[in-house]
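Beneath this line is the structure, given in structure tokens, with notes to follow.
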Amino acid sequence: MKNAKIILELSTRILFMLLLVTLTTANAQQATYKMTTDIPASITTPDVVETSLGTLRFFDGFPDEATVQKVYDNLDFQRGVQVFLTALPAASALAFRTGFRTFGPDNQTVLITESLLDSRSLLLTGNTETIYNISWLDTHDGPLVIEIPAGTLGVIDDFWYRFVTDIGPLGPDKGNGGKFLLLPPGYSGDIPEGYFVLPSRTYGHYFFFRVFLEYGDMVTAVDYAKKNYRAYPLALAANPPAMNFVNISGQYVNTIHSNNYLFYEEVDQVIQEEPLDAVDPEVRGLLAAVGIRKGMPFAPDERMKKILANAAAVGNATARALDFSTRDKDAYYYPNSAWKTFFIGNDYSFSPGGVLNLDARSYFYYMATGSSPSWLNKMVGQLSQYIVTEQDATGQYLDGGKNYTLHLPPNIPAKRFWSLVVYDPQTRSMLQTDQQYPSISSLRQGVVVNPDTSVNVYFGPEAPPGKESNWVQTVRGKGWFVLLRLYGPLEPWFDKTWRPGEIELIK
Numbered sequence: 065m066k067n068a069k070i071i072l073e074l075s076t077r078i079l080f081m082l083l084l085v086t087l088t089t090a091n092a093q094q095a096t097y098k099m100t101t102d103i104p105a106s107i108t109t110p111d112v113v114e115t116s117l118g119t120l121r122f123f124d125g126f127p128d129e130a131t132v133q134k135v136y137d138n139l140d141f142q143r144g145v146q147v148f149l150t151a152l153p154a155a156s157a158l159a160f161r162t163g164f165r166t167f168g169p170d171n172q173t174v175l176i177t178e179s180l181l182d183s184r185s186l187l188l189t190g191n192t193e194t195i196y197n198i199s200w201l202d203t204h205d206g207p208l209v210i211e212i213p214a215g216t217l218g219v220i221d222d223f224w225y226r227f228v229t230d231i232g233p234l235g236p237d238k239g240n241g242g243k244f245l246l247l248p249p250g251y252s253g254d255i256p257e258g259y260f261v262l263p264s265r266t267y268g269h270y271f272f273f274r275v276f277l278e279y280g281d282m283v284t285a286v287d288y289a290k291k292n293y294r295a296y297p298l299a300l301a302a303n304p305p306a307m308n309f310v311n312i313s314g315q316y317v318n319t320i321h322s323n324n325y326l327f328y329e330e331v332d333q334v335i336q337e338e339p340l341d342a343v344d345p346e347v348r349g350l351l352a353a354v355g356i357r358k359g360m361p362f363a364p365d366e367r368m369k370k371i372l373a374n375a376a377a378v379g380n381a382t383a384r385a386l387d388f389s390t391r392d393k394d395a396y397y398y399p400n401s402a403w404k405t406f407f408i409g410n411d412y413s414f415s416p417g418g419v420l421n422l423d424a425r426s427y428f429y430y431m432a433t434g435s436s437p438s439w440l441n442k443m444v445g446q447l448s449q450y451i452v453t454e455q456d457a458t459g460q461y462l463d464g465g466k467n468y469t470l471h472l473p474p475n476i477p478a479k480r481f482w483s484l485v486v487y488d489p490q491t492r493s494m495l496q497t498d499q500q501y502p503s504i505s506s507l508r509q510g511v512v513v514n515p516d517t518s519v520n521v522y523f524g525p526e527a528p529p530g531k532e533s534n535w536v537q538t539v540r541g542k543g544w545f546v547l548l549r550l551y552g553p554l555e556p557w558f559d560k561t562w563r564p565g566e567i568e569l570i571k
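All letters in the sequence shown, in the order written, are residues 65 to 571 by our numbering.
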């Protein structure tokens, strides 16, 4: 009985104290002073807020210690994800240079695919039909002379894959070749006459040009490049060093950036090597927010490493969603089709109408390298056009354990040739199978063309009986995607009166 009385007395006191606190709080909220006005609830913060981060708590707008930690962790995470998506071009270019340098030094080394590129090379969406000539150009030692032979087609981009110049019909040489002079950032020295002058915001540059097989056999095309292409410092113009052409056909090389914490170390390396103003202040600020700042070591503590590892995982997942399950309707080249273009908005700088499309930029650079306005120009019978898909006619991802067919209707609109190349979604490089070249093209001997000039192509782990010549092998337990390329696209491509079929599951 005595215990019950004590409990009742304590309960009464507790209730009284709660009532007193409530009344005091209410009086404080209702108190008015000479300068008191009505304050809209929309501009105030409740003491307890439920969010995706969990419960956030405040005292009259002051966040408590737990809330402060939650929001800072989230802020660092968000910025880490945005750095991943924004700095994809820089990390990708560095990965290319890293792979390139395993074969020789900058400028004087050219990687050439004398017998074409095959699936041993990890190179973003490379093709199996053209001879690649790829180099890394660096101007740390001063202006660089680049001698380009006539009849070549290529592009020079800076360390962020921003366009510097075209080589070929849409370049300043108009396809006639000539001497280009690539300048270091901020160069103010004398510039001799007789050069196509190329100012740049970075020292490092990605450069490739192509030789098309229809202009002659591979040996002729390779010899032509070797005899006529040169790159050397302007200071050595009187006695240029010898070039070193390295045949990488059939060789392993990795040029793919990391998708984990190491991504941020790759980006930091670019920032440390290049001038401060190689990127604009907002991007510099974003990078600095995760600890990447020029002239300072990138040394995140364990907390920040954990957050960045998580941010890289989410950034990678985001890039893959943007590429393989885009929600942007402008990505699709045809209505009611799974075929997509690489340049959403038909703008090589990803800024249609003067507004940067952030998702379109990430979409492109996760899948491809380089950038040029020539890739978008409508030039009937010249240059090339690409579309890509990773889905079948029902919208399902392509499964390497299943069999599919694709119909290319009659009169495929390619003046030079067409090709289909199959890729691995993990590496975005050619799918590695028993076939050296995971592709089909109009240049390939033995491809069966129907009497009406249409072509049926087959994909699967084994070739359908009698269809071996038109079959590309896939791998059980793996996905795949495919690019259709038209070299010398004709008017029916541009006006869309010709369109490929959808990839159909063979049941």
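C-beta atoms are modelled at their ideal positions from N, C-alpha and C, and glycine is treated no differently. Just so we're clear, the structure is a prediction, and the values are computed from it rather than from any experiment.
Asked                                                                                                                         : Found
Backbone CA spacing between P437 and D411 [nearest angstrom]                                                                  : 8 angstroms
Cβ shell of S533 (< 8 angstroms), same chain only, five flanking positions each side left out                                 : G510, V511, V512
Sufficient close CB pairs (3 or more, under 8 angstroms) joining the region 301 to 315 to the region 117 to 125               : no
CA nearest to the CA of N171, picked from Q315, L208, G541                                                                    : L208
Alpha-carbon to alpha-carbon, D102 and F407                                                                                   : 52 angstroms
Start-end ranges of the beta strand (DSSP E) lying completely within the region 222 to 304, minimum 3 residues                : 227 to 231, 242 to 246, 260 to 262, 268 to 275, 294 to 297
Same chain, Cβ closer than 6 angstroms to E278, five either side skipped, listed in chain order                               : With a pLDDT of 48 at E278, under the threshold of 50, the modelled position of that residue is not reliable, and the figure given next carries that caveat. Contacts found: R480.
For L547, the nearest candidate out of K404, K571, Y429 (CA to CA)                                                            : K404
Beta-bridge pairing of Q537 - partner residues as DSSP gives them                                                             : G524
Inter-stretch contact (C-beta, 8 angstroms, three-pair minimum) for the region 169 to 188 and the region 411 to 422           : no
Distance, G232 Cα to A41 Cα                                                                                                   : Nothing in the structure corresponds to residue 41, since the chain is present only between 65 and 571.
For F428, the first and last residue of its enclosing alpha helix (DSSP H)                                                    : 422 to 429
Sequence-distant residues of its chain with Cβ nearer than 7 angstroms to Q336 (five each side left out)                      : K358
Collapsed DSSP secondary structure at Y136 in the structure displayed                                                         : helix
Close-in-space but distant-in-sequence residues of the same chain around G190 (CB under 6 angstroms, 5 per side omitted)      : L181
The alpha helix (DSSP H) enclosing Y328, as first and last residue numbers                                                    : 326 to 337
Enclosing alpha helix (DSSP H) for E555 [first to last residue]                                                               : 555 to 558
Every unbroken beta strand (DSSP E) inside the region 155 to 190 [3 residues or more]                                         : 173 to 176
Neighbourhood of D392 by C-beta, 6 angstroms cutoff - its chain only, sequence neighbours within 5 removed                    : I408
The region 539 to 546 touching the region 488 to 497, judged by at least three CB pairs closer than 8 angstroms               : yes
Residues near D140 in its chain [Cβ-Cβ closer than 6 angstroms; skip 5 each side]                                             : I371
Residues sharing a beta bridge with P153, DSSP                                                                                : Per DSSP, none; premise fails for P153.
Range covered by the alpha helix (DSSP H) that runs through L386                                                              : 366 to 388
The ligand SAH heavy atom lying under 8 angstroms from the CB of P556                                                         : With respect to small molecules bound, the structure shown includes none, and the ligand SAH cannot be examined in it.
Neighbourhood of G434 by C-beta distance below 8 angstroms, restricted to the same chain and skipping five residues each side : V219, D221, Y225, Y270, F272
Sheet register partners of R492 (DSSP bridge)                                                                                 : Note: R492 sits in no beta bridge, so no partner.
Chain B contact for P477 (CB, 9 angstroms cutoff)                                                                             : Judged by its chain identifiers, the structure shown contains no chain B, having just a single protein chain.
Beta bridge counterpart(s) of R121 as assigned by DSSP                                                                        : V112
Option in G250, Y267, T177 with minimal Cα separation from K290                                                               : T177
Three-state secondary structure (DSSP) of T469                                                                                : strand
7 angstroms CB neighbourhood of W557 in its chain, flanking five on each side removed                                         : Q449, P477, L550
Three-way DSSP call (helix, strand, coil) for F309 in this model                                                              : strand
At least 3 beta-carbon pairs within less than 8 angstroms: the region 161 to 175 vs the region 133 to 153                     : no
Distance between P345 and M360 (C-alpha atoms, nearest Å)                                                                     : 16 angstroms
Simplified DSSP state of T131, which is helix, strand or coil                                                                 : helix
E346, enclosing alpha helix (DSSP H) - first and last residue                                                                 : 345 to 353
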